[in-house]
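Asks: Can you keep this structure in mind? I'll have questions shortly.
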Amino acid sequence: RRADYGAFSSPELSAAAAFLRRGLPDAALPILRRARALAPEAPALALLEGWILLGRGDAEEAGQAFREARRLDPASAEAANGEGLAAWRSGAMERAKSLFLQAAGLAPNDPEPPNNLASVLLSEGNEKEALLWLERVLASHSRYVPAKINRGVALARLGRIEEAVLEYRQALALDPRRPEALTLLA
0 RRADYGAFSS
10 PELSAAAAFL
20 RRGLPDAALP
30 ILRRARALAP
40 EAPALALLEG
50 WILLGRGDAE
60 EAGQAFREAR
70 RLDPASAEAA
80 NGEGLAAWRS
90 GAMERAKSLF
100 LQAAGLAPND
110 PEPPNNLASV
120 LLSEGNEKEA
130 LLWLERVLAS
140 HSRYVPAKIN
150 RGVALARLGR
160 IEEAVLEYRQ
170 ALALDPRRPE
180 ALTLLA
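As structure tokens, this is what we get:
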């Protein structure tokens, strides 16, 4: 985005990125905020701040940063998805579902927003609707492990245990480093 160009060359963003590469998001955050103050119309900086805040568990502040990114770039599926995650973690389920639907509409080829929507539906005990969303995701992204795991959860809750086991095994075959798939399989 044009508004991001100047921000990408800022020394503050370079310094913040260096801290992030070293796994020090808390050190990066104040520097990133300075970069945002110098380039207040750059949606990429608000997005990055949102992801850092969400990663440290501050869903409320992360939601504010993602809302600002959406204000600056209303077509940003990433901002809508991030704000949806922040809303979900804050317990605002209806808002989260709405934001995930918006993100899915903005980026129809991205499997993450509809998978996140299915996760919220599963957390509400709505396995059948979640399963519909997950089957849509897997129809075009058959190797998307988070959706396979969620599909296994939905199937298990619906009493379709053999199918759930198959999903968990497929998820582990695709990514053996997914402990939640192994735990659910057990």
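Here our numbering is used: the first residue of the sequence shown is 0, the next is one more, and so on.
Positions of the beta carbon are idealized from the N, C-alpha and C atoms, including for glycine.
Taking the alpha-carbon of D25 as reference, which of A38, A41, E48 and A106 has the nearest alpha-carbon?
Replies: E48
Asks: Please work out which residues of its chain come closer than 8 Å, Cβ to Cβ, to E179, disregarding the five sequence neighbours upstream and downstream, and give them in chain order.
Replies: I148
Asks: Could you tell me if S75 is buried or exposed, where buried requires 16 or more neighbouring beta carbons within 10 angstroms of its beta carbon?
Replies: Buried, since its Cβ has 16 or more Cβ neighbours within 10 Å.
Asks: Please go through the region 130-156 and give each complete beta strand (DSSP E) segment of 3 or more residues, from N-terminal end onward.
Replies: none
Asks: Where does E59 sit, in a helix, a strand or coil, going by DSSP?
Replies: helix
Asks: Could you say which of A106, E166 and I160 lies nearest to E134 if we only look at CA atoms?
Replies: E166
Asks: Quick one: what does DSSP say N125 is sitting in, helix, strand or coil?
Replies: It is coil, neither helix nor strand.
Asks: Find the nearest neighbour of G124 within the set A155, A106, H140 and F99, judged by alpha-carbon distance.
Replies: The residue with the shortest Cα to Cα distance from G124 is A155.
Asks: Please tell me whether G62 and A85 are closer than 7 Å, where the distance is taken between their beta carbons.
Replies: yes
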